[in-house]
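Q:
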Amino acid sequence: MKQLFNLIKNNLDKPRLTTVDNESSTIWIYDAIGADMFGGVDAKEVAQQIAGMTGDTIHVRINSPGGDVFSGRAIAAALKASKAKIIGYVDGLAASAATTILMAADEIIMAEGSFLMIHNSMTFVYGNKDEFLEIAELLEQIDGAIANDYMQRTGKDSDTVKKWMDAETWFSAVDAVANGFADSVAGSDGAKNAATWNLSAYNNAPKIEFDNSNDDAQALREKLKKRLSLLERCPA
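All residue numbers for the sequence shown refer to the working numbering, where the first residue is 119 and numbers rise by one.
1) Taking only three categories from DSSP, how would you classify Y320?
2) In angstroms, rounded to a whole number, what distance separates the CA positions of M171 and S143?
3) Quick check on this structure: which residue in G190, A169, F289, T175 has the alpha carbon closest to the alpha carbon of D160?
4) On the three-pair Cβ rule with 8 Å, is the region 225 to 234 touching the region 291 to 303?
5) State the Cα-Cα distance for the pair K162 and L211, rounded to the nearest angstrom.
6) Would the beta-carbon of I264 fall within 8 Å of that of T218?
7) For F250, which of helix, strand or coil comes out of DSSP?
8) Count the other CB atoms, across all protein chains shown, that sit within 10 Å of the CB of D186; report buried if there are 16 or more and exposed otherwise.
9) From R179, K281, Y320, pick the residue whose C-alpha is nearest to that of A222; which is it?
10) From what residue to what residue does the beta strand (DSSP E) around E286 run?
11) Starting from H177, follow its DSSP beta bridges and name the residues at the other end.
12) Give a yes or no on contact between the region 231 to 240 and the region 277 to 294, applying the rule of three or more CB pairs nearer than 8 Å.
13) Spatial neighbours of A213 within its chain, please: C-beta separation below 6 Å, excluding the five flanking residues on both sides.
Structure below.
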């Protein structure tokens, strides 16, 4: 519960962008997934916009720390229902529920320096032992559905995927291609984009570095350090 709460709290002030351009059939998901809990991507709005796209190819550009799994699956279902070819791009980060959307793509391209993360589902829980057991059963079913998506994409067996999810596994762009999550690596802004998110709520998040010869990148790094310093002085 604390991990999920901290993910929300740590990223409330981050720059967010969810844009759909019908002319170029491009969707930018630079946000947390889910409008109700995370104040991020509204699955219903995005699904309706996908249904209205008429191009032969839909481009889905992702830089997201994750969020609500059901919102992610709703967007994925809308993409799968489209007759267009779906090309997914990880422009910085596709973590947790964001990978559910990504798995709906026919082709996946990782930006150089970008990351993909998979783990077991989690939720807020309050109630008696029977309610906790019911939620645990639901989470197990959700994990099974997510694992099936990863197995279909990668061709890996269930034991391998389960170990990855249990361990909260982070894949670099190169590792994602090597393990079948993505088809190719292209572009060069992945680390810079991924570094816009505060990932301290996750257990195994990598230290994301990018070229500090770039003035904008250096300014962003210093801004993130100040934010982290303030958060460390605040009670969790």
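The beta-carbon is built from N, C-alpha and C at its ideal position, and this holds for glycine as well.
A: Well, looking at it:
1) coil
2) 6 Å
3) Sorting G190, A169, F289, T175 by C-alpha distance to the C-alpha of D160 places G190 at the top.
4) Enough Cβ pairs lie closer than 8 Å, so yes.
5) Taking the Cα positions, K162 is about 22 Å away from L211.
6) The answer is yes: Cβ separation under 8 Å.
7) helix
8) buried
9) R179
10) Careful: E286 lies outside any beta strand (DSSP E) and carries neither H nor E.
11) Looking at the DSSP assignment, H177 forms a beta bridge with T144, I205.
12) Touching, yes.
13) Within the same chain, A213 has close Cβ partners P183, G184, M235.
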